[in-house]
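Peer 1:
Structure representation (structure tokens):
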């Protein structure tokens with residue numbers, strides 16, 4: 009919405025579409041991350057913690073599917089050039105056969121597969137992991153990668169980036185439940201085990217994100233010359249804030265929890281909440297960037 013008006017000739021309907029797109033992105037990424045959290049950590053979770061993670065997964069998956077469906081009328085209005093185009097049903101088969109339709113169906117199929125993470129079996133974990141990859145591919149194809157001159161590189165990098173970022177972002181809500189465990193030392197042991205996995209995903213997300221930013225926004229000297237570059241800088245700042253919060257959780261709060269400090273668990277939960285809120289801003293800016301006009 010911000011870049012829609014920054015670039016001139018802003019349309020309130022397109023601005024609203026950006027908001028819905030951001031909600032779809034947030035919910036889909038959180039659902040993928042919650043599913044991956046269950047895949048990697050289910051054996052270490054208590055019954056209450058597993059139930060909480062499954063609840064977050066179901067909530068985010070349903071919300072993402074709903075937002076994806078809501079995006080279709082906005083796409084119809086964009087194609088027709090008028091608001092009444094939202095109810096021109098003849099446009100919908102054309103939308104379904106477009107790049108937009110491909111991305112939507114891939115993401116929706118992945119969201120359905122994510123729900124198999126609720127089943128604590130090897131085949132359920134396999135289907136959920138495949139679903140997370142489909143969601144990552146679908147979200148990537150819904151951005152600038154498809155129309156870019158270097159499509160193949162961007163699709164590959166984008167899929168890896170989204171997959172890795174999903175693990176980090178989507179694990180935060182269920183991870184808060186682990187910090188509530190009565191035995192802080194036991195919780196710290198499981199949190200540290202998760203953090204070792206998360207560090208690998210975080211490095212992968214940051215590395216692929218940096219390469220994609222250079223490919224899409226240009227060299228660092230060009231970042232401050234337009235709205236797209238400034239939004240990229242703002243997004244990077246919030247990602248850095250998330251990273252600092254993650255380091256504090258890993259090397260401060262979790263270490264204190266190992267020693268039996270109950271208050272450290274509360275501090276860990278607050279840090280996870282801040283990271284999740286920063287993540288919401290990052291993903292909203294991502295939706296802004298994906299909706300902005302960009303020279304190919």
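Residue numbers (this note's numbering): 9 to 304. A virtual CB, placed ideally from N, CA and C, is assigned to each residue, including glycine. Because the structure is a prediction, the values reported are computed rather than measured.
Report the residue from 297, 92, 161, 195 whose alpha carbon sits nearest the alpha carbon of residue 274.
Peer 2: Reading the chain shown from its first residue, position 266 is the one you call residue 274. Checking every option, the nearest Cα to that of residue 274 belongs to 195.
Peer 1: Might you give, ordered along the chain, the residues of its own chain that have their beta carbon closer than 6 Å to the beta carbon of residue 200, omitting 5 neighbours on each side?
Peer 2: By one-based count along the chain shown, residue 200 stands at place 192. Same-chain partners within the cutoff: 262.
Peer 1: I want to know whether the region 268 to 284 touches the region 167 to 180 - three or more CB-CB distances under 8 Å.
Peer 2: Short answer: they touch.
Peer 1: Look at the Cβ atom of residue 216, then the Cβ atom of residue 151, and state whether they are nearer than 9 Å.
Peer 2: For the purposes of this step, residue 216 is taken as the residue at position 208 of the chain shown. For the purposes of this step, residue 151 is taken as the residue at position 143 of the chain shown. The answer is no: Cβ separation not under 9 Å.
Peer 1: Between the C-alpha atoms of residue 21 and residue 50, what's the straight-line distance to the nearest angstrom?
Peer 2: By 1-based counting over the chain shown, the position of residue 21 is 13. By 1-based counting over the chain shown, the position of residue 50 is 42. The straight-line gap from Cα to Cα measures roughly 42 Å.
Peer 1: Would you report the Cα separation of residue 202 and residue 26, rounded to the nearest angstrom?
Peer 2: Numbered from its first residue, the chain shown carries residue 202 at position 194. Numbered from its first residue, the chain shown carries residue 26 at position 18. In a straight line, the C-alpha of residue 202 is about 33 Å away from that of residue 26.
Peer 1: Let me check understanding here. Comparing Cα to Cα, which of 241, 38, 271 lies closest to residue 190?
Peer 2: For this step, residue 190 is matched to residue 182 along the chain shown. The candidate whose alpha carbon is nearest that of residue 190 is 271.
Peer 1: Classify residue 90 as helix, strand or coil using the three-state DSSP reduction.
Peer 2: Here residue 90 is taken as the residue at index 82 of the chain shown, counted from 1. In the structure shown, residue 90 sits in coil (DSSP, three-state: anything other than H, G, I, E or B).
Peer 1: So which of 82, 171, 53, 136 has the shortest CA-CA distance to residue 29?
Peer 2: Taking the chain shown and counting its residues from 1, one reaches residue 29 at position 21. Among 82, 171, 53, 136, the Cα nearest to that of residue 29 is on 82.
Peer 1: Would you report the Cα separation of residue 239 and residue 96, rounded to the nearest angstrom?
Peer 2: The residue you call residue 239 lines up with position 231 of the chain shown. The residue you call residue 96 lines up with position 88 of the chain shown. Between residue 239 and residue 96, the C-alpha separation is close to 34 Å.
Peer 1: Quick check: the Cα distance between residue 147 and residue 170, rounded to an integer number of angstroms?
Peer 2: Start at 1 with the first residue of the chain shown, and residue 147 comes out as number 139. Start at 1 with the first residue of the chain shown, and residue 170 comes out as number 162. Approximately 8 Å, taken between the alpha carbons.
Peer 1: Going by CA-CA distance only, name the one from 250, 269, 163, 285 that's closest to residue 193.
Peer 2: Position 185 of the chain shown, counting from 1, holds the residue named residue 193. The shortest Cα separation from residue 193 among 250, 269, 163, 285 belongs to 269.
Peer 1: Rounded to the nearest angstrom, what separates residue 104 and residue 210 at their Cα positions?
Peer 2: Along the chain shown, read from residue 1 onward, the residue named residue 104 stands at position 96. Along the chain shown, read from residue 1 onward, the residue named residue 210 stands at position 202. Answer to the nearest angstrom: the Cα atoms are 34 Å apart.
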